[in-house]
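Report on the following structure.
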Amino acid sequence: MIRRNQRNILVFLHALFFEDLFKKFALFAMILSIFLCFPSSIPYIPSPTPDMPPAVIAPEETPSVFDPFPFPEELNVQVDFWKKIFTQYTTKQAVIHDDWYVNVIYDVIDVNRKEFKSEKEGWEFAKQQMTEYEKQLMNLSQHWGDRKRMSIEERRLYDLFKDLPESQRFQHKDANTRIRIQVGQADRFKEGIIQAGQYLSEMKQIFAEYDLPEKLVYLPLIESAFNPFATSFVGAEGMWQFMEGTARQYKLKIKPLFDERRDPLRATRAAAELLAHNYKTMQSWPLAITAYNFGLQGIKDAAKAVESDDIATIIHTYAGPRFGFASRNFYVEFLAAVDVCLRYTEYFGEIEMHPPLKLAQVTIPDYVEAKTLVKYTQLSLAELKNLNPALHPSVFTHGNFLPREYTLNIRAANKTAFENGYASIPSSLKYQYLSVKATHSVEKGQTLSSIAKRYGTSISAIMKANGITNSRKIKVGQKLKIPGGYVTVAQETPKISPTNSGMANTRSHEVKKGQTLITIANMYGTSVKAITQLNGIKDPQSLRAGQTLKIPVVHSETTKSTPEKNKKHRVEKGQTLAMIAKIHNSSIQAITQANAIKNPRRLKVGQILKIPEG
Numbered sequence: 001m002i003r004r005n006q007r008n009i010l011v012f013l014h015a016l017f018f019e020d021l022f023k024k025f026a027l028f029a030m031i032l033s034i035f036l037c038f039p040s041s042i043p044y045i046p047s048p049t050p051d052m053p054p055a056v057i058a059p060e061e062t063p064s065v066f067d068p069f070p071f072p073e074e075l076n077v078q079v080d081f082w083k084k085i086f087t088q089y090t091t092k093q094a095v096i097h098d099d100w101y102v103n104v105i106y107d108v109i110d111v112n113r114k115e116f117k118s119e120k121e122g123w124e125f126a127k128q129q130m131t132e133y134e135k136q137l138m139n140l141s142q143h144w145g146d147r148k149r150m151s152i153e154e155r156r157l158y159d160l161f162k163d164l165p166e167s168q169r170f171q172h173k174d175a176n177t178r179i180r181i182q183v184g185q186a187d188r189f190k191e192g193i194i195q196a197g198q199y200l201s202e203m204k205q206i207f208a209e210y211d212l213p214e215k216l217v218y219l220p221l222i223e224s225a226f227n228p229f230a231t232s233f234v235g236a237e238g239m240w241q242f243m244e245g246t247a248r249q250y251k252l253k254i255k256p257l258f259d260e261r262r263d264p265l266r267a268t269r270a271a272a273e274l275l276a277h278n279y280k281t282m283q284s285w286p287l288a289i290t291a292y293n294f295g296l297q298g299i300k301d302a303a304k305a306v307e308s309d310d311i312a313t314i315i316h317t318y319a320g321p322r323f324g325f326a327s328r329n330f331y332v333e334f335l336a337a338v339d340v341c342l343r344y345t346e347y348f349g350e351i352e353m354h355p356p357l358k359l360a361q362v363t364i365p366d367y368v369e370a371k372t373l374v375k376y377t378q379l380s381l382a383e384l385k386n387l388n389p390a391l392h393p394s395v396f397t398h399g400n401f402l403p404r405e406y407t408l409n410i411r412a413a414n415k416t417a418f419e420n421g422y423a424s425i426p427s428s429l430k431y432q433y434l435s436v437k438a439t440h441s442v443e444k445g446q447t448l449s450s451i452a453k454r455y456g457t458s459i460s461a462i463m464k465a466n467g468i469t470n471s472r473k474i475k476v477g478q479k480l481k482i483p484g485g486y487v488t489v490a491q492e493t494p495k496i497s498p499t500n501s502g503m504a505n506t507r508s509h510e511v512k513k514g515q516t517l518i519t520i521a522n523m524y525g526t527s528v529k530a531i532t533q534l535n536g537i538k539d540p541q542s543l544r545a546g547q548t549l550k551i552p553v554v555h556s557e558t559t560k561s562t563p564e565k566n567k568k569h570r571v572e573k574g575q576t577l578a579m580i581a582k583i584h585n586s587s588i589q590a591i592t593q594a595n596a597i598k599n600p601r602r603l604k605v606g607q608i609l610k611i612p613e614g
């Protein structure tokens, strides 16, 4: 009975499922044939209306704050570390951390804690702590993994990195090279963002000219915190930290009186050219940016060595001898800086950036003292210095000059007033060039004082002519330019041309050793400008012994007397009447009489003297 019932149930289930399945399949086939044969019969689906929401579309990926700069996930740890350095730890804190796994932070020392007598003592303590951690790691390596044998401090250290890959790196053999101190940067970084406001708009314009990503303008934050006066211990200068060789390669001038690496706009243009060249060569922004620090050839060698142009692979596997901590971290520092700059309110709260400077450039055609420029152009000395950080500090001291043909930065709003003011400067206060009397090779035992006496000039004049900032730092064999007098615009006579009152003839003169255009002009009663024009001399300092010059001879008493009447000399520190008379081939008596000098010993620095013929 039971078996019969079981058989009936099976028959029922078969009919229910299998017969129904065949019917469903037949119905599906019929519907499908209708769609295939009569496509126009597909029902019309209206477009969404306000009452009918559109179909859900997967949202597009939100653009990253780092675009167009790749941010590999493997670099998260490093970027987070640098964000902390830039926003949490100040320049008064020493962060003791691991060289490779930067998120392993052993300790943070506040160097201005009350227990320290001075910050210097605090930094010394931090160095001692670093040495102590090296010892702890060495001890830890002897009973690695055995927590029972570890001290409390060793357990803390062990727990910092026990789960990291390659944890054996933390053992004895690496201990003395793996620990380093990173100075916090939060206060410096905040000040850098404030300072950046002065330059960002013009820097972005320059980078746009080179079709470069705008966010590259934040690179100076990690280089100098936007400080145009920044100097590194290896000799890099300015906001963009150019080394001398690279600076010259990108046409930045480095002279005794100025260094264009410190000019914000000129250096920015050079940096734009360098970055554009790096990207054109590498076709990768991570590599182009790393090359800014490591060098283009260096990053080429790194990519070749690891057989990859992936920045994370290079950072984690390349072991080149010059690829140290700074180069390994340069790109991740940049990513961290971009994030902090674009979201600075989240890190620092509301801060007010400096307003844009809005600069214009003007070229001064003469040597002019800073105090003269300030007096006639209504430009403050402080602003002149701040807007022109490329100028050497000595330029602004008494008796020194801004270099001729130098292009100054001034505020665009003041350009017209500046140009009008400059035009009003008396010609007697403008100098066409500072002549070089001779070249001297420093001998053993000589000082600037003895050299100055030998040539009848002053220590300050030699220092100025050679860009020397410390009078004691001259070397045996060093070549020094020995300056002669100054030639003012007032001394220059108009170009000589034939007139009814006198025809210009010429005679020849062979230059003797030690002679300058000034002394030669004085000998023949003519002007320096007349000689330079007649002989096509562009640089008066290029005069050499044995050179033959054409000397204009003018048969006009008026023309002859002009240079003699207008010849002047500005007294420099340390100069005496004897020195001045020797420079100009005159005599003490003639100079004292021409200037009504009662006491020859009471000359004043900056005093203008008339120089008659001896």
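So in full-length UniProt numbering the end of the sequence shown lands on 614, straight run, no missing numbers.
Ideal placement from N, C-alpha and C gives every residue a C-beta, glycine not left out.
Every value quoted in this text rests on a predicted model; they were computed, and no experiment measured them.
1) Of all the options Leu408, Ala382 and Thr506, which has the alpha carbon lying nearest to the alpha carbon of Ala390?
2) Short check: CB of Arg188 to CB of Trp100, under 8 Å?
3) In chain order, what residues of the same chain lie with their CB nearer than 6 Å to the CB of His569, ignoring the 5 residues before and after it?
4) Note down, in chain order, each residue of its chain lying with its Cβ closer than 8 Å to the Cβ of Ser380, except the 5 sequence neighbours on either side.
5) To the nearest whole angstrom, what separates the beta carbons of Gly320 and Asp301, a pair I think is in contact under 8 Å?
6) Could you give the C-beta distance for Arg156 and Arg147, rounded to a whole number, given that I count them as a contact under 8 Å?
7) Any idea which residues DSSP pairs His354 with across the strands?
8) By alpha-carbon positions, which one of Met138, Leu160, Ala271 and Lys479 ends up nearest to Met203?
9) Where His316 and Ala303 are concerned, what is the direct C-alpha to C-alpha distance, given to the nearest angstrom?
10) Does the separation of the CB atoms of Tyr292 and Leu275 fall below 8 Å?
11) Excluding five sequence neighbours on each side, which residues of the same chain lie with their C-beta closer than 6 Å to the C-beta of Thr268?
12) Which residue's Cα is closest to the Cα of Ile289: Asn388, Ala417 and Leu212?
13) Within the same chain, show all residues whose beta-carbon is closer than 8 Å to that of Phe125, passing over the 5 residues directly before and after it, in chain order.
14) If you check the beta carbons only, do Arg266 and Phe242 fall under 8 Å apart?
15) Spell out a yes or no on whether the segment 403 to 422 and the segment 359 to 377 are touching, meaning 3 or more CB-CB pairs, one atom from each, closer than 8 Å.
16) Flag this pair as yes or no: are the beta carbons of Gly399 and Ser460 separated by less than 8 Å?
17) Just the Cα atoms here: how many angstroms apart are Ser508 and Ile482?
18) Is the segment 532 to 543 touching the segment 580 to 595, taking contact as three or more C-beta pairs under 8 Å?
19) By how many angstroms is the C-alpha of Thr447 removed from the C-alpha of Gly477?
20) Excluding the 5 residues flanking Arg149 on each side, which residues of the same chain have their C-beta closer than 7 Å to its C-beta?
21) What's the C-alpha gap between Pro220 and Ile462?
22) Is DSSP giving Arg180 helix, strand or coil here?
23) Return the chain-ordered list of same chain residues with a C-beta closer than 8 Å to the C-beta of Asp339, the five sequence neighbours on each side being excluded.
24) Mark Glu333 as exposed unless 16 or more other C-beta atoms lie within 10 angstroms of its C-beta, in which case mark it buried.
25) Can you tell me which of the three DSSP states Ala360 falls into?
26) Could you give the DSSP three-state label for Ile591: helix, strand or coil?
27) If we ignore side chains and look at the alpha-carbon of each, how far apart do Arg601 and Leu577 end up?
28) Using the rule of at least 16 other Cβ atoms within 10 Å of the residue's Cβ for burial, across every protein chain shown, is Met353 buried or exposed?
29) Hey, Ile474 and Val442: beta-carbon distance below 8 Å or not?
30) Name the DSSP bridge partner or partners of Arg411?
31) Could you tell me which of Pro264, Cys341, Thr345 and Asp310 sits nearest to Asn388, measuring between CA atoms?
32) Closest to Arg411 by CA distance: which of Phe401, Thr377, Ser394 and Glu405 is it?
33) Label Gly467 either buried or exposed according to how many other C-beta atoms from any shown protein chain fall within 10 Å of its C-beta, with 16 as the threshold for buried.
34) Identify which residue in Asp98, Gln185, Arg113 and Ser224 has its Cα closest to the Cα of Leu164.
35) Pull up the distance between the alpha-carbon of Ser224 and that of Lys92, whole angstroms please.
36) In its own chain, which residues sit with a C-beta less than 8 Å from the C-beta of Arg404, not counting the 5 before and 5 after it?
In terms of the structure at hand:
1) Leu408
2) no
3) Gly485, Ile580, Leu609 and Ile611
4) Val374
5) 7 Å
6) At roughly 11 Å, the Cβ-Cβ gap does not stay under 8 Å, so Arg156 and Arg147 are not in contact.
7) Looking at the DSSP assignment, His354 forms no beta bridge with any residue, so it has no partner.
8) Ala271
9) 12 Å
10) yes
11) Met203 and Ile206
12) Leu212
13) Ile109, Val111 and Phe116
14) no
15) yes
16) yes
17) 26 Å
18) no
19) 12 Å
20) His143
21) 36 Å
22) strand
23) Val65, Phe66, Val79 and Lys83
24) buried
25) strand
26) helix
27) 8 Å
28) exposed
29) yes
30) Leu359
31) Pro264
32) Thr377
33) exposed
34) Asp98
35) 18 Å
36) Ile364, Pro365, Asp366, Tyr367, Tyr431, Gln432 and Tyr433
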